Amino acid sequence: MSADGFADIAGLVRRRAGIVLTDDKGYLLETRLAPVLAKLGLPSLGALGAKLRASPGEAVERAVVEALTTHESFFFRDGKPFEHLAALLPKLSAARGGQKLRVWSAACSSGQEAYSVAILALDAFGPQAAQRLEVVATDISGEVIAKAKQGVFTQFEVQRGLPIRSLVRHFAQAEGGRWRINDAVRALVRFEERNLLADCGGLGKFDAIFCRNVLIYFDAPTKTRVLEALAKQLVPDGVLYLGAAETVIGLTDRLQPVPGERGVYALAQRRAAA
Ligand SMILES: C[S@@+](CC[C@H](N)C(=O)[O-])C[C@H]1O[C@@H](n2cnc3c(N)ncnc32)[C@H](O)[C@@H]1O
Numbered sequence: 089m090s091a092d093g094f095a096d097i098a099g100l101v102r103r104r105a106g107i108v109l110t111d112d113k114g115y116l117l118e119t120r121l122a123p124v125l126a127k128l129g130l131p132s133l134g135a136l137g138a139k140l141r142a143s144p145g146e147a148v149e150r151a152v153v154e155a156l157t158t159h160e161s162f163f164f165r166d167g168k169p170f171e172h173l174a175a176l177l178p179k180l181s182a183a184r185g186g187q188k189l190r191v192w193s194a195a196c197s198s199g200q201e202a203y204s205v206a207i208l209a210l211d212a213f214g215p216q217a218a219q220r221l222e223v224v225a226t227d228i229s230g231e232v233i234a235k236a237k238q239g240v241f242t243q244f245e246v247q248r249g250l251p252i253r254s255l256v257r258h259f260a261q262a263e264g265g266r267w268r269i270n271d272a273v274r275a276l277v278r279f280e281e282r283n284l285l286a287d288c289g290g291l292g293k294f295d296a297i298f299c300r301n302v303l304i305y306f307d308a309p310t311k312t313r314v315l316e317a318l319a320k321q322l323v324p325d326g327v328l329y330l331g332a333a334e335t336v337i338g339l340t341d342r343l344q345p346v347p348g349e350r351g352v353y354a355l356a357q358r359r360a361a362a
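For the sequence shown, the residue numbers in our numbering are 89 to 362.
Structure, rendered in structure tokens:
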């Protein structure tokens, strides 16, 4: 691939999604963009780069970004944040006097993270769950949001992280050996296409935000920008969960790690005041 092609494609993905593609990612572009090239009838990534420079159009830009985002996810990923939230939910609910709790799964991919939170809520609150908690789940990718809304997962997907008792309790067998999540779980989650680089303030304030395994793709200034925007959407005693390879340290002083809780962060002023 020509250096020009790489620069055009990487520039687009960085501008639209914040994702940094380093020079060693040539192989990734080759593999992931092959179907996009076939669909557009273009002979090479160099030709795609030229198209992006000349007159890409919204549909082409979206297709390129979709192809180059990584959507890996699984139920109850990393365990600990969900254990932390499970212990927190009854306390927060009591502190709010029954007011509905709000959890945001930002960069939710195909929905496993959001549905894991909803399952926790059903397990904690039973039939009252819909009155006690709502999950807003967003992602830049329209394709994964559409899949997430369906709530249908393959055998492989449900085997990754989902305890068997949750599978039996919250899913029904669907066509083709797949599993459909029950309406009671789905009713707790609202999915929306949203870019974390855009203003997400309209989503409102949250008691807990999961923003995991997406900051790793951004450069430091973008991480700071996103973290500070997330901080503004946390209620004063809210918590932010980041992925195992992510942190706020060196990026913002508005958030601080919660001592002894890996991957859990709180607003700095609350901790200073506590
Ligand atoms: C690796 S998945 C992580 C999914 C889930 N949070 C987890 O930890 O299992 C990363 C997700 O981030 C999304 N993403 C990438 N850039 C984004 C952006 N600028 N705004 C919103 N979502 C983005 C991708 O579409 C992808 O679904």
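Note that beta-carbon positions come from the ideal geometry of N, C-alpha and C, so glycine has one too.
Source: prediction; values computed, not measured.
Distance check between Arg-190 and each of Lys-311, Thr-157, Ala-225 and His-172 places Ala-225 closest, using alpha-carbon atoms only. By the Cβ test, the stretch 129–147 is in contact with the stretch 94–107, since at least three Cβ pairs between them sit closer than 8 Å.
Segment contact: the stretch 306–324 against the stretch 147–157, fewer than three CB-CB distances shorter than 8 Å; contact not assigned.
Lys-237 is the residue among Lys-237, Pro-131 and Asp-325 whose C-alpha sits nearest the C-alpha of Asp-271. Counting along the chain, no beta strand (DSSP E) covers Val-246; the unbroken alpha helix (DSSP H) around it starts and ends at 243–247. Comparing C-alpha distances from Glu-263 to each of Phe-241, Gly-230 and Glu-118 shows the shortest one belongs to Phe-241.
At the C-beta level, Leu-328 and Gly-351 stay beyond 7 Å of one another. Contact between Val-323 and Asp-295 holds, with the beta-carbon distance rounding to 6 Å and staying under 8 Å. Under DSSP, the beta-bridge partners assigned to Val-224 are Trp-192 and Arg-278.
Of all C-beta pairs linking the stretch 245–253 to the stretch 288–308, fewer than three are shorter than 8 Å, placing the two stretches out of contact. Under a 10 Å Cβ-count criterion, Pro-169 is classified as buried, with 16 or more other Cβ atoms of the shown protein chains found around its own Cβ. In the structure shown, Gly-106 falls within a coil segment according to DSSP collapsed to helix, strand and coil.
Taking Leu-116 as the centre and dropping the five residues before and after it, the same chain places the C-beta of Leu-109 and Leu-156 closer than 8 Å to its C-beta, in chain order. The residue from Arg-274, Val-302 and Glu-349 with its alpha-carbon nearest to that of Thr-158 is Val-302. The Cβ atoms of Phe-259 and Ile-269 sit closer than 7 Å to each other.
The three-state secondary structure of Ala-260, taken from DSSP, is strand. Counting only unbroken stretches of 4 or more residues, the alpha helix (DSSP H) elements lying wholly within the stretch 129–185 are 133–142, 146–156 and 168–183, in sequence order. Contact between Ser-161 and Ser-197 holds: their C-beta atoms lie close to 4 Å from each other, under 8 Å. A straight-line Cα-Cα distance of about 7 Å links Leu-250 and Phe-164. Nearest to Gly-239 by alpha-carbon distance, out of Ala-308, Thr-335 and Gln-261, is Gln-261.
Judged by DSSP secondary structure, Gly-230 falls outside any beta strand (DSSP E) and instead within the alpha helix (DSSP H) spanning 230–238. Cβ neighbours of Leu-210 within its own chain (closer than 8 Å, five residues either side excluded): Ala-217, His-258, Ala-272, Val-273 and Leu-276. Cα atoms of Lys-113 and Asp-341: separation of roughly 32 Å, rounded to the nearest angstrom.
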